[in-house]
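First comes the structure, then the notes that go with it.
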Amino acid sequence: MPERPRKRKSTPPVATEGGAEAAPSAVAPPSTGDGVAAGPAGAADATAALTERVAELEVELAAAQRTIDVLIDKAERRDREVTTQAELFEAAARMEQLIDQRTREVEEQRAALAAANGELRALTANLDQIVRQRTRALAESEAQLRLKNAELERQGKLKAEFISIVAHELRTPLTSIVGYLDMLGEGRFGELTEAMGRPVRSLQRNAHRLKRLADEMLDASRLEAGRVVLRRVHVNLGEVVSEVITELGPLAQAKHQSVSASMRASRAIVADPDKVHQIVVNLVSNAIRYTPEHGTISVVVDEAPADVYPGDWARLRVRDNGVGIPDNLRLRIFEPFSDVEPAKHHTSSGPDSAGLGLYIARGLIELHGGLITVESEVDVYTEFTVLLPLARDLDRDAAAHKPAAARERRS
């Protein structure tokens, strides 16, 4: 009996990417009109049809696989979306906790800041009170200081007036006493016996000393009051120094001291000759007084080197190998009534003073626009350096033309 053809199983529907079901293609197996296989040709056709069917099935399988992949991808995305929402909720919870924590910290900091501001206000109020107290105390101290300064100024003026009055009152009788003693010592009133000569010479020496002290006190009072007037002319500093050394030579000879002078080429200065003479006398007599017996004193006049002292200066240096000046007295020696040695060491045989010589010298030097300095080493040497401005070329030309102009006016 001919074999009954098998019933083909229906292929299940396959879901597509859009979600619809795809119906399988129905391909009927090749058959003959009477249901019997048609020999080798029919077998080949069957095989081709079967192969075509297999290819169709593979296509359908690939489509089904793509549909499955799409469904799986959608499922995974759906799972990821659920996971992301959970993470967002968790992050929001953590953020809320962090905000609460930071809020508490801000409140704590705000409270601490308020407390610090309260302390600062208290300290500021206390500081203001202290400042007001100190300001009042300072104002009171300033008022007291002004009163004391005014009193000191008043006393200084009284002292200067007293010194001026005393100097004037002493100077008049001392001038007479000195004059008569000099005349007595010269034998104007008759020859003195040897017994009388010694006390007369002592009187002369002390009278000259008192007159010198009175003159110094008067000069100091004039300097303090600003009443010193300079009569400036062209002055040869070397000539003034020579005159002073000749004048003070007997004082140095009495102590067996050697006084040397070096007058190097120097231009003239424009100064008051009497005041310059007084400056040199004070410096040289100071050297004689503080130099021991058989000591040496040197006086040098030259022009100050421009590389050391900028400008045009005449330089006077007075150097001795006397007692020297301690460091703590370098500045005090130019103050009035100051002295390196105590008064008990003074003798009437030397050029004593009231401690005004250097004070007067510095005042007169500064009035001329000059400068005085001192270098010293105790028991070795002392050197005073004086700088006085040299006359300018215009000053010398004007001085040279003055006589010619005067002659023209007289003619």
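For the sequence shown, our numbering assigns the number 25 to the initial residue and increments by one for each residue that follows. By construction, the Cβ of each residue, glycine as well, lies at the ideal position given by its N, Cα and C atoms.
Item to check | Whether Glu193 touches Ser245 by CB criterion (9 Å) | outcome: With respect to the 9 Å criterion, Glu193 and Ser245 are not classified as neighbours on the basis of their beta carbons.
Checklist entry - Can you check whether the CB of Asp344 is closer than 9 Å to the CB of Tyr383? => result Not in contact: Tyr383 and Asp344 (Cβ atoms no closer than 9 Å).
Checklist entry - Among the residues of its own chain, which have a CB less than 8 Å from the CB of Gln277, if the five just before and after it don't count? => result Cβ neighbours of Gln277 beyond the five flanking positions: none.
Next on the checklist: Let me confirm a value: Asp243 is counted as buried when at least 16 other C-beta atoms fall within 10 Å, else exposed. Which label applies?
Outcome noted: Only buried fits Asp243, as 16 or more other CB atoms lie within 10 angstroms of its CB.
Checklist entry - When you compare each of Thr217, Leu414 and Gln157 to Asp296 by their alpha carbons, which one comes out closest? => result Closest in C-alpha terms to Asp296, from the list Thr217, Leu414 and Gln157, comes Leu414.
Item to check | Whole runs of the alpha helix (DSSP H) within the stretch 96 to 173, excluding any shorter than 4 residues | outcome: Qualifying alpha helix (DSSP H) stretches: none in this window.
Checklist entry - Which whole-angstrom value is the C-beta distance of Val308 and Leu272, which I expect to be below 8 Å? => result Correct: roughly 5 Å between the Cβ atoms.
Checklist entry - Which residues in the same chain have their Cβ closer than 6 Å to the Cβ of Ala455, if we skip the five residues on either side of it in sequence? => result Here the chain covers residues 25 to 435 and nothing more, so residue 455 does not appear.
Next on the checklist: On the criterion of 16 or more Cβ atoms from any shown chain inside 10 Å, does Asn15 qualify as buried, or is it exposed?
Outcome noted: Residue numbering for the chain in the displayed model covers 25 to 435; residue 15 lies beyond these limits and cannot be assessed.
Checklist entry - What is the C-beta distance between Val257 and Val304, in whole angstroms, given that I count them as a contact (C-beta under 8 Å)? => result Here Val257 is actually not in contact with Val304; their C-beta atoms are around 16 Å apart, not less than 8 Å.
Next on the checklist: For a minimum of 4 consecutive residues, which ranges assigned as the alpha helix (DSSP H) are wholly contained in the stretch 296 to 381?
Outcome noted: Those alpha helix (DSSP H) runs which fall completely within the stretch 296 to 381 and span 4+ residues are 297 to 314.
Checklist entry - Does the ligand HEM have even one heavy atom less than 8 Å from the beta-carbon of Ala330? => result In the structure shown, the ligand HEM is absent, as is every other ligand, since no ligand is present at all.
Next on the checklist: So that I know if they touch, is there some Cβ in chain C lying closer than 9 Å to that of Arg178?
Outcome noted: Given the protein chain composition of this structure (a single chain), no chain C is represented.
Checklist entry - DSSP puts Met287 in a beta bridge; with which residues? => result As a beta-bridge residue in DSSP terms, Met287 pairs with Val325.
Checklist entry - For the beta strand (DSSP E) that Val410 lies in, which residues bound it at each end? => result It spans Tyr405 to Pro413 - the beta strand (DSSP E) in which Val410 sits, taken as one unbroken run.
Next on the checklist: Can you tell me which residues form a DSSP beta bridge with Leu395?
Outcome noted: Paired residues: Leu411.
Item to check | Residues near Gly346 by beta carbon distance below 8 Å, same chain, minus five either side | outcome: So the qualifying residues of the chain are Ala311, Tyr314, Thr315, Pro316, Gly319, Tyr405 and Thr406.
Checklist entry - Skipping 5 residues on each side, what residues in its chain have a beta carbon closer than 6 Å to that of Ser373? => result For Ser373, the pLDDT reaches just 43, beneath the cut-off of 50, and the residue's location in the model is therefore unreliable, although a value from the coordinates is still provided. For Ser373, where only same-chain residues beyond five positions count, there are no Cβ hits under 6 Å.
Item to check | Touch test, the stretch 386 to 396 against the stretch 323 to 330, Cβ-Cβ under 8 Å, three pairs minimum | outcome: Counting Cβ pairs under 8 Å, fewer than three are found: no touch.
Next on the checklist: Going by DSSP in three states, His280 sits in which element: helix, strand or coil?
Outcome noted: Coil at His280, not helix or strand.
Item to check | Chain-order list of residues whose beta-carbon lies under 8 Å from that of Tyr333 (same chain, five-residue window excluded) | outcome: Take Tyr333, set aside five residues on each side of it, and the residues of its chain with a beta-carbon closer than 8 Å to its own are Arg339 and Leu411, in chain order.
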